[in-house]
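Notes for the one structure printed next.
Numbering (the working numbering), first residue to last: 2 to 967.
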């Protein structure tokens, strides 16, 4: 649809008694431009809001703002909400942005929008929505619009963004606007908004909040006084207008500027003398200005003119004159004559759109509303149908026609169903799922042909998945029950229904559904895919009745697979994850992970989901190859951002990337990533799985940094201790809560929760302390009052760690075991822990072990070696961002009479010449002694060199060849 570039004709009414509002506008624009009485000043933006009833003069005021901004050489972005366009997604955004890009070629627009083009161009109406099953999520589109407007604000500064009739703005534009307004000040952009406060929709609370932003009230426009009304009347009818006549004008109109001007203009057209004796005629004229009197006046212009006015009211704002004439069933000459009549009657005006077409608009929204409501219901429905057909025939597409189709009576018309489904696809691909749901729900009521009903239900259920999964379940179940459903569609419905059940915590139902459909399937590959999905959802079921049996079945399946297709690779990926969780050898887990990755996995395949690629990446992390995990998560971020998926998907990946950094000991980076993940999760919704993942990981990271009080604040804010999710989350929330309680010295409570978490995880067969180190935290709780029990728990944890076999978890378990023994025995355990951790990428855990080892050595009387270990541990802890651990090392050195030396730092990811040489030898298979001989040094120095290598490259010895690409 076209958007106009000029103000409407009725906005020429005089600005009376608006001095304070005009002054506020001028000051805001001058401040935006850095103009002050004292000379040049810092440019500052902000938000200016105006509120008032219809006709009170908001638009006239905003046009004054446009004029003044133009005089100051500002770039003005303008849009107006429309009563008939409220259900058209991004209607307001398109008015704001399209004029700024209208003169550009397609290549220039692509260059201007950069990487955001494919995400925001469909929403802005700059290109057709891409074909395919997926589209950007709403947050991704809003982020893209943020970038576009920010880019415009910087490139075309100073910028004034104006939205009139914001109470009629579409929901998608309004959501963006109210969120973006908070950035106006920092961007030095001025945002002005006008609306009718009594007509703000109930679900537009963000607009109400914006109108009273930061506790300030909007500029509320008051009716004109009698003196202002007299000025308008005398300007129109002559200075001879007497006071009684002018006061009657004020009484009739209530001081409403639009009604005053219209009444005065009608009086001038009729040659009315502005004297007291003509007040009865004045009242007759007033009835023709609005309501039924306006309609009576319209009907006097003839049936053809009435039909054209009806067509314009149905079509809405800024519609080309040719389409209006077509919907009115008038020839070109008849339409032109009718438009001339309506212009003369101050009902319609003709403007020029950004595409240089002649378009019609009503002089005032009050007139448009009155005309629309006057159309007989049957005629109005028919005209909406004609409007839909005309827009499609003129090339505006199904999305432009859809709002008219919503107004039609259901008649079982296949064309209507086809257009609504196409409009839904376009809306979904443009990041407007709410609109897609409206269109599909209406298509279902048409209704569609029997053979199409299941497909429409499937499309509607898919559109509802993230917004209303409970409704999705009902719709998809109904789709499955449809008699005429081909096998491919039935499978797609099943996968989506299982996904919806899983997302609502009904994992057992999801599993049962997949099992039943697998039994019905006649294709072996379909059964395999169903079983892959079943394995996936069972793997995160807390209430799974026989988890070990599922693992055995998964193991048997995986042995027969070669990774030929995505279903096979997903099963292999789930097998690698299951092996890691259950504490099988890391070599087994890595073998299956490599098979799963051979051939590739997509993070954005909506049918398969992103869960399996994520657990494969996390498996690599647990297997001491976090560098490879980071590569996969970085790929995920690129894929998600390219698709415009900036909601829960991106939150998960940022959080898991932070978890990898936490495991590597890069705690400051970890905290930054996880906070980003949590911020995104908070925007999506409260209590979602992404939020659980982020909260647990953030608390773990803060504890590792020594920020216990801050960790408690996060736990309190998200009510961590008040209940735990029914799905598998890592790190395990109850174990994290127990660890926090332990850090706070609440030993008894900590022991209770850690024991409960361990019991639950053991029942599932989750025995790997690398996945959940609940036992290692429990040892420290038990050691305070039951040392024998602590030693037994530690021994079991060490045994499980050795079974998994990675250097990081063995070193961690040995370090904790040392805390439950005497100093002499602890020293040996800690030396072994250091030896293992030096072969791992777990830098902060190595720092912890070194400091503990130094402390034990000092206790048994070896101060020289103790100082070396503590110094080294302190430097490493500081480099990791483990501030609490570094402080502890300093205190230990001080209590030993040693002065902490100046810390030295190095580039975190760059290998030194010696480190590179040692890494190269190790990648070729040489052990430390052989490397020492080759490098003319000793084995201890080689161990320290390789420890730095593993930390920097994010791998263990097994992954060196891949990391070095040799």
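Think of the CB as a built atom: it goes at the ideal place given N, C-alpha and C, for glycine as much as any other residue.
Query: Using a Cβ distance threshold of 8 Å, determine whether the segment 270-287 contacts the segment 312-325, with at least three qualifying pairs required.; Result: no
Query: Find out if the Cβ-Cβ distance for the pair residue 170, residue 82 is shorter than 8 Å.; Result: yes
Query: For residue 416, count neighbouring C-beta atoms within 10 Å of its own C-beta (all shown protein chains included) and say buried if the count is 16 or more, exposed if not.; Result: exposed
Query: Tell me which residue opens and which closes the alpha helix (DSSP H) that residue 326 is part of.; Result: 322-328
Query: Can you tell me which of 224, 261, 218, 53 puts its alpha carbon nearest to the alpha carbon of residue 238?; Result: 261
Query: Quick one, which of 579, 742, 835 has its alpha-carbon nearest residue 869's?; Result: 835
Query: Using 10 angstroms around the beta-carbon of residue 37, count the other beta-carbons present and answer buried if the total reaches 16, otherwise exposed.; Result: exposed
Query: Taking the alpha carbon of residue 310 as the reference point, which residue from 736, 797, 348 has its own alpha carbon closest?; Result: 348
Query: On a CA-only basis, which of 449, 559, 610 is nearest residue 499? Give me that one, please.; Result: 610
Query: Does DSSP put residue 81 in a helix, in a strand, or in coil?; Result: strand
Query: Taking the continuous beta strand (DSSP E) assigned at residue 195, which residues delimit it?; Result: 190-196
Query: Along the chain, where does the beta strand (DSSP E) containing residue 352 start, and where does it finish?; Result: 349-353
Query: Return the first residue and the last residue of the alpha helix (DSSP H) that residue 852 is part of.; Result: 844-860
Query: Just to confirm before moving on: does the CB-CB distance between residue 77 and residue 67 stay below 8 Å?; Result: yes
Query: With DSSP as the reference, identify every bridge partner of residue 523, one or two as the case may be.; Result: Answer is none; residue 523 lacks a bridge partner.
Query: Is it the case that the Cβ atoms of residue 168 and residue 259 are separated by a distance below 8 Å?; Result: no
Query: Start and end of the alpha helix (DSSP H) containing residue 424?; Result: 415-430
Query: Whose CA, out of 47, 648, 568, 573, lies closest to the CA of residue 560?; Result: 573
Query: Starting from residue 729, trace the beta strand (DSSP E) in both directions and tell me its first and last residue.; Result: From DSSP, residue 729 is part of no beta strand (DSSP E); its letter is neither H nor E.
Query: What is the DSSP secondary structure of residue 294, counted as helix, strand or coil?; Result: helix
Query: Looking at residue 442: is its Cβ nearer than 8 Å to the Cβ of residue 428?; Result: no
Query: Do residue 389 and residue 423 have their C-beta atoms within less than 8 Å of each other?; Result: no
Query: Near residue 79, which residues of its chain fall below 6 Å by C-beta distance, leaving aside the five closest residues on each side in sequence?; Result: 163
Query: In this structure, how does DSSP classify residue 556 when only helix, strand and coil are distinguished?; Result: helix
Query: State the CB to CB distance for the pair residue 893 and residue 871, rounded to an integer number of angstroms; the pair is presumed to be in contact (CB under 8 Å).; Result: 6 Å
Query: Quick one, are the C-beta atoms of residue 95 and residue 125 less than 8 Å apart?; Result: yes
Query: Between the Cα of residue 372 and those of 920, 689, 284, 299, spot the shortest distance and give me the residue it belongs to.; Result: 299
Query: Under 7 Å Cβ to Cβ from residue 534, same chain only, skipping five residues before and after it: list those, please.; Result: 496, 499, 515
Query: Starting from residue 805 and walking both ways along the beta strand (DSSP E), at which residues does that stretch end?; Result: From DSSP, residue 805 is part of no beta strand (DSSP E) but of the alpha helix (DSSP H) over 788-805.
Query: Throw me the rounded Cβ distance for the residue 645 and residue 141 pair, which I believe falls under 8 Å.; Result: 3 Å
Query: What span of residues does the beta strand (DSSP E) with residue 163 cover, start to end?; Result: 160-165
Query: Would you check if there are 3 or more beta carbon pairs closer than 8 Å linking the segment 478-490 to the segment 452-469?; Result: yes
Query: Just the Cα atoms here: how many angstroms apart are residue 1032 and residue 703?; Result: Lying outside 2 to 967, the shown extent of the chain, residue 1032 is not represented and no answer is given.
Query: From the DSSP output, in three-state form, read off residue 542 for me.; Result: strand
Query: Can you tell which of 571, 738, 462, 136 has the C-alpha that lies nearest to the C-alpha of residue 476?; Result: 462
Query: Within the same chain, show all residues whose beta-carbon is closer than 6 Å to that of residue 166, passing over the 5 residues directly before and after it, in chain order.; Result: 81, 82
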